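So the structure is just underneath, and the comments pick up after that.
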Amino acid sequence: MKYILNLVVTIFCFPISESVKFRCDYRHTYLGWFKYHEMPATWFDARLLCHLEGAILASPTTPEMKTYMLQSFCKPQIFTGIHATLTKVQFHSVDGVPFDLIPHEWAPLEPDNKNNAESCIALHSDGKFSDVRCDEPRPYICFRPHSNTEVNICGTPDPEYHFESQTNKCYKFHTKPRTFKRANFACSAEGGHLAIINNEDEAKVIRDIYTKYPASKMIGNFWKDVAFVGMYNWGESADWTTIHGQSLQEAGYAKFSPGEPNNATEGEYCGSVYRNAMFDDLWCEKHFAFICEKKPDYPPVCDSSEERPFHTPVCDNDVRPESNTDDQIDFRSDGSKT
Ligand SMILES: [Ca+2]
Ligand SMILES: [Ca+2]
Ligand SMILES: [Ca+2]
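The sequence shown runs -19 to -1, 1 to 319 under mature numbering (1 follows the signal peptide of the UniProt record, and there is no 0).
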C-alpha cells in the first residue's frame, strides 16, 4: 500500500523529468534531500549548520519521514528539529509543525523536563521520543524539502554567492556579524572557507564586493569598515598564516594596513580586511561582518534524477526496531522499490 502511495506521490508531485540539483553529500529521495551528520553537535549548532547547508534540521513529522530517519543512523539517539527553545512549553518542528500534529510515542518516563532544562526532542533508534537538553551534542539529520530552486553557477541555491571571473571563485559577504570561529563555521557549512586573498586581482574583487555593502546596508551595532577573512596568528602576533596553513607571502598577498598588525588590545589574533583590501588584526571574539570564498564545483552537485548507490548503515548492535516490510522506504531517487 505504502509502495503504491510512494509511486503516486512520485509521479504526480515530482515528475522524474523535472530533475533538480543539490549537493551530492545529500541523498535524494522522493521525500526530499537527506544528510546524516554523524559528528554530534548541540541542537543550536545542528539547526544552524543545516540552515547554512540550505536545509533544515529534520523532524519525523510524518511516518514516512520517521521511517527514513530511523534507517539513516545507528546511534542510540539523534536530535530532531522539534524544540521549545523559544516558548519553553510549546514544542514544534523548525518548519512550524505543532507537536500535537506529529505522530509520537514517548520513551519510558519521558517527557520529564529534567531540571526544567529539556527543550529539545531526541529520536531514539526504537522510534520513541524523549525531551533532552539542547546543549548536549547528538548526531542529527539535515533535510531539504523538494524545491524548484536551482543551484546557481556557484553550486549553491544561496543567491548571495556571486561568481567572480577574475579569480574563478565565488564570494559571499555576510552582513550578519559573527565571531571569527562562528564565521569559519558559517563559511564551512556553506561549502567554502573564510576568504583568502591570493593576489592583487583577488584584492580588487574584495574591494569591489565591499562597494556593494555600504555601512547603511548592515544592521546592528558593529564596526562596518572591516570584515573577517581567512587568516589567523595562532596567538603569536608575528606568525600570521592563512587558515589553510600558508604564510601570507606563500598565499600571494600580505598587505597590512599601515600600523597593522598592532594587537591594539591583547587578543587581536584574527585576520580581517578593510574596505581598501588591506589587512588588520582584529579581536576574534567580537562580532564582525565576514567574507566567504567558495569553489564553484565544491561541494559537487548531483542531479535528482541520477541513480546513486546508497547503503543503509549496518549497525553493529542493530537496535533499530523490527519494521514492517511495507513501512520500508526505498532510497532510490525515482521512488521505485529497492
Ligand atoms: Ca527527558
Ligand atoms: Ca582566494
Ligand atoms: Ca589591529
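The C-beta atom is built at its ideal place from N, Cα and C for all residues, glycine as well.
Everything numeric in this text was worked out from a predicted model, so none of it was measured.
Spatial neighbours of residue 277 in its chain, beta-carbon cut-off 8 Å, leaving aside the 5 residues before and after: 134, 135, 136, 144, 149, 150 and 151
Distance check for residue 226 and residue 197, CA to CA, integer angstroms please. 35 Å
Taking 8 Å as the line, does the beta carbon of residue 261 fall inside it for any heavy atom of ligand 3? Remark: the shortest separation between the CB of residue 261 and any heavy atom of ligand 3 falls under 8 Å.
Whole-angstrom distance between residue 261 and residue 246, CA atom to CA atom: Cα to Cα, residue 246 sits roughly 13 Å from residue 261.
When you compare only the Cα positions, how much space is there between residue 250 and residue 84? 49 Å
Would you check if the distance between the CB atom of residue 123 and the CB atom of residue 55 is smaller than 9 Å? Between residue 123 and residue 55, the CB-CB gap reaches or exceeds 9 Å.
Compare the C-alpha of residue 322 against each of 53, 49, 36 and 113 and name the closest. Past the edges of the chain, shown from -19 to 319, lies residue 322, and the structure says nothing about it.
Using the Cα positions of residue 1 and residue 130, report the straight-line distance between them to the nearest angstrom. 8 Å
Terminal residues of the alpha helix (DSSP H) in which residue 161 lies: 161 to 170
With respect to the alpha helix (DSSP H) encompassing residue 263, which residues constitute its N-terminal and C-terminal limits? Looking at the DSSP string, residue 263 is not in any alpha helix (DSSP H); the run it does join, the beta strand (DSSP E), is 260 to 263.
Inspect the beta-carbon positions of residue 272 and residue 233 and report whether they are closer than 9 Å. Between residue 272 and residue 233, the C-beta gap is not smaller than 9 Å, which leaves the two residues out of contact.
Nearest to residue 12 by alpha carbon, out of 140, 66 and 45? 45
Which complete beta strand (DSSP E) runs does the segment 11 to 82 hold, if anything under 3 residues is left out? 13 to 22 and 58 to 64
Where do the N-terminal and C-terminal ends of the beta strand (DSSP E) with residue 112 fall, by residue? Note, residue 112: beta strand (DSSP E), 110 to 113.
Which word fits residue 200, buried or exposed, when buried means at least 16 other C-beta atoms lie within 10 angstroms of its C-beta? By the neighbour-count definition (other C-beta atoms within 10 Å, threshold 16), residue 200 is an exposed residue.
Cα-Cα separation between residue 186 and residue 47, rounded to whole angstroms: 46 Å
One or two residues paired with residue 284 in a DSSP bridge: 2
Measure the C-alpha to C-alpha separation of residue 163 and residue 24 and round it to an integer number of angstroms. 15 Å
Excluding the 5 residues preceding and the 5 following residue 22 in the sequence, name in chain order all residues of the same chain whose CB lies nearer than 7 Å to its CB. 30, 118 and 121
If you measure from the CB of residue 109, is any heavy atom of ligand 1 nearer than 8 Å? no
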